[in-house]
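In order, the protein sequence lines correspond to chains A and B.
Per this note's numbering, numbering through the first sequence is continuous, rising by one, with the last residue being 393.
Per this note's numbering, numbering through the second sequence is continuous, rising by one, with the last residue being 382.
As structure tokens, the structure follows; a few thoughts come after it.
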Amino acid sequence: MTLLEVKDLHVSFPTADGVVRAVRGVSFDVEPGRTLGIVGESGSGKTVLTQTLLGLTPGAEVAGSAEFEGADLLQMTDDQLRHVRGARISVIFQDPLTSLHPLYRIGWQISEMIRAHEKSVSKKEAGDRAVVLLRRVGIPRPETRVNDYPHQFSGGMRQRAMIAMALALEPKLIIADEPTTALDATVQAQILDLLLRLQQDSGTALIMITHDLGVVADIADDVMVMYAGRAAEKAPKRDVFYAPHHPYTKGLLESIPSSKAAGDRLKPIPGQPPSLINLPSGCKFHPRCGYVFDRCLTEEPALHPVAEKGSHTSACWLPAGAAGLSAEAEELREQVVQAERGKEAAGVAAAALAELGISGTGEETAEESSARATTDNEGSVA
Amino acid sequence: MASATRESKPDDDVLVRVENVVKHFPVKAGGFVRHTVGQVHAVDDVSLVIERGKTLGLVGETGSGKSTLARCVAGLLPVTSGRVIFNGTNITRLSRAAMRPYRREVQMIFQDPYSSLNPRRRVGAIIGDPFAIHKTATGAERKRQVQELMERVGLNPEHFNRFPAEFSGGQRQRIGVARALALRPKLIICDEPVSALDVSIQAQVLNLLSDLQHEYGLSYLFIAHDLEVVRHVSDKVAVMYLGRIGEAGPAEELYDKPRHPYTVALLSAAPAADPDTAAARQRVILVGDVPSPIDPPAGCRFHPRCPKAQEICGKVEPPLVRDDSVPPPAGDGEPGPDAGQPAADVPGGWAHVTACHFPVVPGESLAAVGAKGELA
Numbered sequence: 012m013t014l015l016e017v018k019d020l021h022v023s024f025p026t027a028d029g030v031v032r033a034v035r036g037v038s039f040d041v042e043p044g045r046t047l048g049i050v051g052e053s054g055s056g057k058t059v060l061t062q063t064l065l066g067l068t069p070g071a072e073v074a075g076s077a078e079f080e081g082a083d084l085l086q087m088t089d090d091q092l093r094h095v096r097g098a099r100i101s102v103i104f105q106d107p108l109t110s111l112h113p114l115y116r117i118g119w120q121i122s123e124m125i126r127a128h129e130k131s132v133s134k135k136e137a138g139d140r141a142v143v144l145l146r147r148v149g150i151p152r153p154e155t156r157v158n159d160y161p162h163q164f165s166g167g168m169r170q171r172a173m174i175a176m177a178l179a180l181e182p183k184l185i186i187a188d189e190p191t192t193a194l195d196a197t198v199q200a201q202i203l204d205l206l207l208r209l210q211q212d213s214g215t216a217l218i219m220i221t222h223d224l225g226v227v228a229d230i231a232d233d234v235m236v237m238y239a240g241r242a243a244e245k246a247p248k249r250d251v252f253y254a255p256h257h258p259y260t261k262g263l264l265e266s267i268p269s270s271k272a273a274g275d276r277l278k279p280i281p282g283q284p285p286s287l288i289n290l291p292s293g294c295k296f297h298p299r300c301g302y303v304f305d306r307c308l309t310e311e312p313a314l315h316p317v318a319e320k321g322s323h324t325s326a327c328w329l330p331a332g333a334a335g336l337s338a339e340a341e342e343l344r345e346q347v348v349q350a351e352r353g354k355e356a357a358g359v360a361a362a363a364l365a366e367l368g369i370s371g372t373g374e375e376t377a378e379e380s381s382a383r384a385t386t387d388n389e390g391s392v393a
Numbered sequence: 007m008a009s010a011t012r013e014s015k016p017d018d019d020v021l022v023r024v025e026n027v028v029k030h031f032p033v034k035a036g037g038f039v040r041h042t043v044g045q046v047h048a049v050d051d052v053s054l055v056i057e058r059g060k061t062l063g064l065v066g067e068t069g070s071g072k073s074t075l076a077r078c079v080a081g082l083l084p085v086t087s088g089r090v091i092f093n094g095t096n097i098t099r100l101s102r103a104a105m106r107p108y109r110r111e112v113q114m115i116f117q118d119p120y121s122s123l124n125p126r127r128r129v130g131a132i133i134g135d136p137f138a139i140h141k142t143a144t145g146a147e148r149k150r151q152v153q154e155l156m157e158r159v160g161l162n163p164e165h166f167n168r169f170p171a172e173f174s175g176g177q178r179q180r181i182g183v184a185r186a187l188a189l190r191p192k193l194i195i196c197d198e199p200v201s202a203l204d205v206s207i208q209a210q211v212l213n214l215l216s217d218l219q220h221e222y223g224l225s226y227l228f229i230a231h232d233l234e235v236v237r238h239v240s241d242k243v244a245v246m247y248l249g250r251i252g253e254a255g256p257a258e259e260l261y262d263k264p265r266h267p268y269t270v271a272l273l274s275a276a277p278a279a280d281p282d283t284a285a286a287r288q289r290v291i292l293v294g295d296v297p298s299p300i301d302p303p304a305g306c307r308f309h310p311r312c313p314k315a316q317e318i319c320g321k322v323e324p325p326l327v328r329d330d331s332v333p334p335p336a337g338d339g340e341p342g343p344d345a346g347q348p349a350a351d352v353p354g355g356w357a358h359v360t361a362c363h364f365p366v367v368p369g370e371s372l373a374a375v376g377a378k379g380e381l382a
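This is the structure we're talking about:
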């Protein structure tokens, strides 16, 4: 049975500058015991998406539904949500220093959380449970460390304490929002390892929000790649990494330096993510896309299956067969672009390429320069 | 340049020579009468060389001293002891006035493109500052040079009068690069230049840095915590831990055959954007956190967390020793102590050096050993 089923979620924020359309029609499922990785750059809507589920985006205009254990989270009253948050769904945030209260002892903060949800638990019992939890997440000497203040913990230990708190009431779902971004590599490895092990023990489902494809490759089962408030591609982990269909996913993978991709130059994605107030027409990725053709300029593609199994979906007008990094897939993409690209789309593609050329050779013609000036203007609206 | 301070003739290959640099910061306590109660050993006896036109990558975790070392090289922090020799000149004891010409030759690019640009000044003025400070160009000439720089780093020169807030993160980092480039420095110190940028933008800035290096023959001291980024840009890499260099060598050599257990752990911890690599990898999970640099462990500083530690490691500090299985590059014989070539055993030179009593041999697995104290 599906644990969480989000359907066509829209979130927007009215601001003085215009409506920020942070999430525009996202649907996804989370199965018990599975890990969904949500990847995206800043401003892709990944954090707003999950915070909305927990009622943490006051002032937002929300539409859609989010069924969790048979009830719609988006229809719940504040009081009902309070019983879900922490107990059924818990959250681990990026910065453990700002999410722990600096003036209360770690143990007090954990037992407070237990007692807020389970009224019958005595202070002593809650305190004992805090010690057990700290031991479970690998805090040395938990009997004494339980009386420490957050500043007495290192960054990695604080994040462990946050995880202990998230586990306290044995939730069905944990949402981890960039939980390791502020940590050093060796500590990040410790925390990811811990999350994986705890998940195997307890069967909790996990939503892992991150900008780091490496973290996703490590611990996700399924991956959703977000761009400009929408899912660009959704698939089991291996498909995303080895048979990406959406040019944005492919571009992300190619722009990471890696030992396999030897050679002097990286292949960046030109331009920058669009402003969420003033989105481009058609496919929101088209101004940066190397495969842009005419249809992309006017119509926004929906997620459609690109593999026979149907679990791999992509929001791109390229044909289903054009998935993967192979030469055949590349040839198919080129064929489609040849056949479908008109004058206008060619202009968009040239502008994107020109921008890369700028950072490349330092040579440019007057024509390229003016083309780039136009894209720059579009890009710097934010 | 002040010839009085010149202590050796400029080498052909070496731009910067860091010799036994120590940087301690006093720890003060007390209310009315402040007194020193200890020292933060930020950088402890570090030597390295940066070659002309090449990139030395510096990796290490928070508190390893890499940023402090970079600031010592830039002359922004006085060293406690040791020497920094730039282009043949010892710059560690120069007066402010004598420092000036040197400051033109070394520039920095910082991590955060949001806080390193003054939000209330126009981009043209920010990039033009170096010209104003060093009085090299004024008026229309300055504007022309600034616009040329903007063009060179991929910004629209017409945006001369805009404020930093009107640019995206990647564009702001380009502004920082333009400012660093203004006086045609020989060395640019890049302190986490792409860490704050989105993945798709990161590659744009890295390509720009690489183009500029080829075009102007720049040397880079490149600090980053992302190991793949460092591997991509660096010719030589040095790994720092608690104020010391644990291992250094040519980038490919160090990444393919790491010898220090800390390097092995660091490399195994770095997330790989490839599920098969991630699954196949044996992760060395280190015990605990980095100890306090106020009271660093005796002996090898890594020994309390090291899966291979033995008794001697807690007593005797291992020196940096060359791995003799790596042959010197062709045409590069054993350099004499005063020859103009990088001394082989100094980090940043051609040799692969490791400070460890029990270096890891190829094929050896640390993962099994490391697992035992996982939760300690």
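Even glycine gets a Cβ: it sits at the ideal position worked out from N, Cα and C.
Just checking: is the beta-carbon of residue i within a distance shorter than 8 Å of some beta-carbon in chain B?
{"i": "A:Arg249", "result": "yes"}
{"i": "A:Ile220", "result": "no"}
{"i": "A:Thr155", "result": "no"}
{"i": "A:Ala200", "result": "yes"}
{"i": "A:Gly225", "result": "yes"}
{"i": "A:Gly301", "result": "no"}
{"i": "A:Ile369", "result": "Interpretation of A:Ile369 is limited by its pLDDT of 49, a score under 50 that renders its predicted location unreliable; no figure is taken from the coordinates."}
{"i": "A:Lys278", "result": "yes"}
{"i": "A:Gln211", "result": "no"}
{"i": "A:Gly262", "result": "yes"}
{"i": "A:Pro291", "result": "no"}
Candidates the options: which alpha carbon is nearest residue i's?
{"i": "A:Arg152", "options": "A:Ala177, A:Val142, A:Pro161", "result": "A:Val142"}
{"i": "A:Ala231", "options": "A:Phe39, A:His21, A:Leu47", "result": "A:Leu47"}
{"i": "B:Ile133", "options": "B:Pro107, B:Val366, B:Leu161", "result": "B:Leu161"}
{"i": "B:Ser53", "options": "B:Val22, B:Ile300, B:His30, B:Ala131", "result": "B:Val22"}
{"i": "A:Cys307", "options": "A:Lys354, A:Asp19, A:Ala33, A:Thr324", "result": "A:Lys354"}
{"i": "A:Ile103", "options": "A:Pro25, A:Ala175, A:Gly54", "result": "A:Ala175"}
{"i": "B:Val2", "options": "A:Tyr115, A:Glu136, A:Thr197", "result": "Outside the modelled stretch of chain B, which goes from 7 to 382, sits residue 2 of chain B, for which no answer is possible."}
{"i": "B:Glu323", "options": "B:Lys141, B:Pro199, B:Gly252, B:Asp282", "result": "B:Gly252"}
{"i": "A:Pro247", "options": "A:Ala33, A:Asp28, A:Val41, A:Val348", "result": "A:Val41"}
{"i": "A:Gly81", "options": "A:Val17, A:Val59, A:Arg140", "result": "A:Val17"}
{"i": "B:Pro297", "options": "B:Asp51, B:Val49, B:Ser70", "result": "B:Ser70"}
{"i": "A:Thr163", "options": "A:Arg116, A:His257, A:Leu65, A:Leu92", "result": "The sequence shown places Gln at residue 163 of chain A, not Thr. Considering only alpha carbons, the answer is A:Arg116."}
{"i": "A:Gly240", "options": "A:Ala357, A:Gly70, A:Val59", "result": "A:Val59"}
{"i": "B:Ile91", "options": "B:Val27, B:Ala304, B:Ala146", "result": "B:Val27"}
{"i": "B:Lys60", "options": "B:Tyr120, B:Phe166, B:Leu193", "result": "B:Leu193"}
Verify the CB distance criterion: does residue i have a CB-CB separation below 8 Å to chain A?
{"i": "B:Ala209", "result": "yes"}
{"i": "B:Ser225", "result": "no"}
{"i": "B:Thr68", "result": "yes"}
{"i": "B:Asn213", "result": "yes"}
{"i": "B:Pro267", "result": "no"}
{"i": "B:His358", "result": "no"}
{"i": "B:Val331", "result": "It should be noted that the sequence gives Ser, not Val, for residue 331 of chain B. No, no contact with chain A."}
{"i": "B:Glu234", "result": "yes"}
{"i": "B:Asp295", "result": "yes"}
{"i": "B:Ile291", "result": "yes"}
Give me the DSSP bridge partner(s) of residue i.
{"i": "B:His41", "result": "B:Ala35"}
{"i": "B:Arg89", "result": "B:Glu25"}
{"i": "A:Thr221", "result": "A:Val50"}
Could you check whether the Cβ of residue i sits closer than 7 Å to any heavy atom belonging to the ligand FMN?
{"i": "A:Val22", "result": "The ligand content of the structure shown is nil, which means the ligand FMN is not present either."}
Within 10 angstroms of its Cβ, does residue i collect 16 or more other Cβ (buried), or is it exposed?
{"i": "A:Pro43", "result": "exposed"}
{"i": "B:Val33", "result": "exposed"}
{"i": "A:Glu366", "result": "buried"}
{"i": "A:Pro285", "result": "buried"}
{"i": "A:Ile369", "result": "In this predicted model, A:Ile369 has a pLDDT of only 49, less than 50, meaning its place in the structure is not dependable enough to derive any value."}
{"i": "B:Val270", "result": "buried"}
{"i": "A:Asp19", "result": "exposed"}
Jot down the residue ranges of each uninterrupted beta strand (DSSP E) in the segment 250-296 of chain A, minimum 3 residues, whole runs only, in chain order. Inside the segment 250-296 of chain A, DSSP marks no whole beta strand (DSSP E) run of 3 or more residues.
Where in the segment 103-127 of chain B do unbroken runs of the beta strand (DSSP E), each at least 3 residues long, occur, reported from the N-terminal end onward? The qualifying runs are 112-115.
Of all the alpha helix (DSSP H) runs that stay within the bounds of the segment 199-229 of chain B, which reach a length of 4 or more residues? Listed in chain order, the complete alpha helix (DSSP H) runs (minimum 4 residues) inside the segment 199-229 of chain B are 205-222.
At which residue ranges does the segment 79-112 of chain A contain complete alpha helix (DSSP H) runs of 4 or more residues, listed in the order of the chain? If we require 4 residues or more, the alpha helix (DSSP H) runs fully inside the segment 79-112 of chain A come out as 89-95, 107-110.
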